[in-house]
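Each step along the sequence shown adds one to the number in our numbering, with nothing skipped, and position 82 is 743.
A virtual CB, placed ideally from N, CA and C, is assigned to each residue, including glycine.
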Amino acid sequence: MLIQVQEEMRNGEVSLEKYIITKTLTKPPEAYPDAKNQPHVQVAQRLKLSGYSTGWSVGDTVPYIICREQGAELNSSSGIAQRARHPDELKKDEGRWLVDIDYYLSQQILPVVSRLCASIQGTSPERIADCLGLDSSKYTE
C-alpha cells in the first residue's frame, strides 16, 4: 500500500487539495518574532503584501502547501517556511511551483506510519522509507 501511495504521489495522481496543511494565526502575521521559520506566517505576509485583503487576522486559518521551485534541486537549501505556498499561488503560477513530494513522504507520512507500525515485528523506519521511495539509509536505527 505504501508503494502504491508514493507512486500515485510521484505520478501526479493525488489532487492538490490533499497536500494542504492548515495552521491558525495566533497573532497578527507581523507580530511573530520567528516569522521566517513559520510557513503559515510566511504565506500570510506574502499574500497580504500582494493585496489579498482577508484571511490574515488573528484566528484565521492559513492553508499552505510545501513546494519546490521548478528546476530547483530536490535537496534545496531553502527552508520549509520559504517554500510554503498558498494553493492559489500554485494555481496562479502554474508550472513554477511543484509539490515537494519528498517532503510529504519523509515529514508527513513516514513519521506517522513509523509510529503506528513500531510494535509490528519486521517493520522499521528504514523499511518503511524504502517502501516510500526514500533513501532508507537515512532512517537506519
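Sort P786, G740 and M670 by Cα distance to I762 and report the nearest one. Reading the sequence shown from its first residue, position 101 is the one you call residue 762. The option with the nearest alpha carbon to I762 is M670.
Check whether the Cβ atoms of E730 and R707 sit closer than 8 Å, and answer yes or no. Residue mapping note: residue 730 aligns to position 69 of the sequence shown, counting from 1. Residue mapping note: residue 707 aligns to position 46 of the sequence shown, counting from 1. Not a contact, by the Cβ cut-off of 8 Å.
Quick test of your reading: V704 and R746, contact by CB under 8 Å. State the CB separation rounded to the nearest angstrom. As a first step, residue 704 is located in the sequence shown; it is residue number 43 there, counting from the start. As a first step, residue 746 is located in the sequence shown; it is residue number 85 there, counting from the start. Confirmed, about 7 Å.
Kindly indicate the opening and closing residues of the alpha helix (DSSP H) around R776. Counting from 1 along the sequence shown, the entry for residue 776 is found at position 115. Note, R776: alpha helix (DSSP H), L771 to C778.
Relative to the alpha-carbon of Q768, which residue among V675, I682 and E668 has its alpha-carbon at the smallest distance? Numbered from 1 along the sequence shown, position 107 holds the residue referred to as residue 768. Of the listed residues, the one whose Cα sits closest to Q768 is I682.
If E787 and S797 are in contact, beta carbons under 8 Å, what's the gap, nearest whole angstrom? In the sequence shown, residue 787 corresponds to position 126, counting from 1. In the sequence shown, residue 797 corresponds to position 136, counting from 1. About 5 Å separates the two Cβ atoms, so the contact holds.
Under the three-state reduction of DSSP, which class applies to Y765: helix, strand or coil? Numbered from 1 along the sequence shown, position 104 holds the residue referred to as residue 765. Helix, per DSSP.
Where do the ends of the alpha helix (DSSP H) carrying P748 lie? Here residue 748 refers to the residue found at position 87 of the sequence shown. Its alpha helix (DSSP H) spans residues P748 to K753.
Enumerate in chain order the residues of its own chain whose CB-to-CB distance from A692 is below 8 Å, with the five nearest sequence positions on each side excluded. Against the sequence shown, residue 692 aligns to sequence position 31. Within the same chain, A692 has no close Cβ partners at all.
Beta-carbon gap between H701 and L677 smaller than 8 Å: Locating residue 701 in the sequence shown gives position 40, counting from the first residue. Locating residue 677 in the sequence shown gives position 16, counting from the first residue. Not closer than 8 Å, so no.
At the level of alpha carbons, what is the spacing between P772 and K679? Numbered from its first residue, the sequence shown carries residue 772 at position 111. Numbered from its first residue, the sequence shown carries residue 679 at position 18. Computed Cα separation, rounded: 18 Å.
Going by the beta-carbon positions, is the gap between Q667 and G794 smaller than 8 Å? As a working note, residue 667 is residue 6 in the sequence shown. As a working note, residue 794 is residue 133 in the sequence shown. Contact flag set, yes.
Relative to the C-alpha of S718, which candidate in K684, G732 and S739 has its C-alpha closest? Translated into the one-based positions of the sequence shown, residue 718 becomes position 57. Among K684, G732 and S739, the Cα nearest to that of S718 is on K684.
Taking Cβ to Cβ, would you say L751 is nearer than 8 Å to C778? To locate residue 751, count along the sequence shown from 1; it is residue 90. To locate residue 778, count along the sequence shown from 1; it is residue 117. No, Cβ-Cβ distance for L751 and C778 is not below 8 Å.
Looking at L663: is its Cβ nearer than 8 Å to the Cβ of V774? Along the sequence shown, one-based indexing puts residue 663 at 2. Along the sequence shown, one-based indexing puts residue 774 at 113. The answer is yes: Cβ separation under 8 Å.
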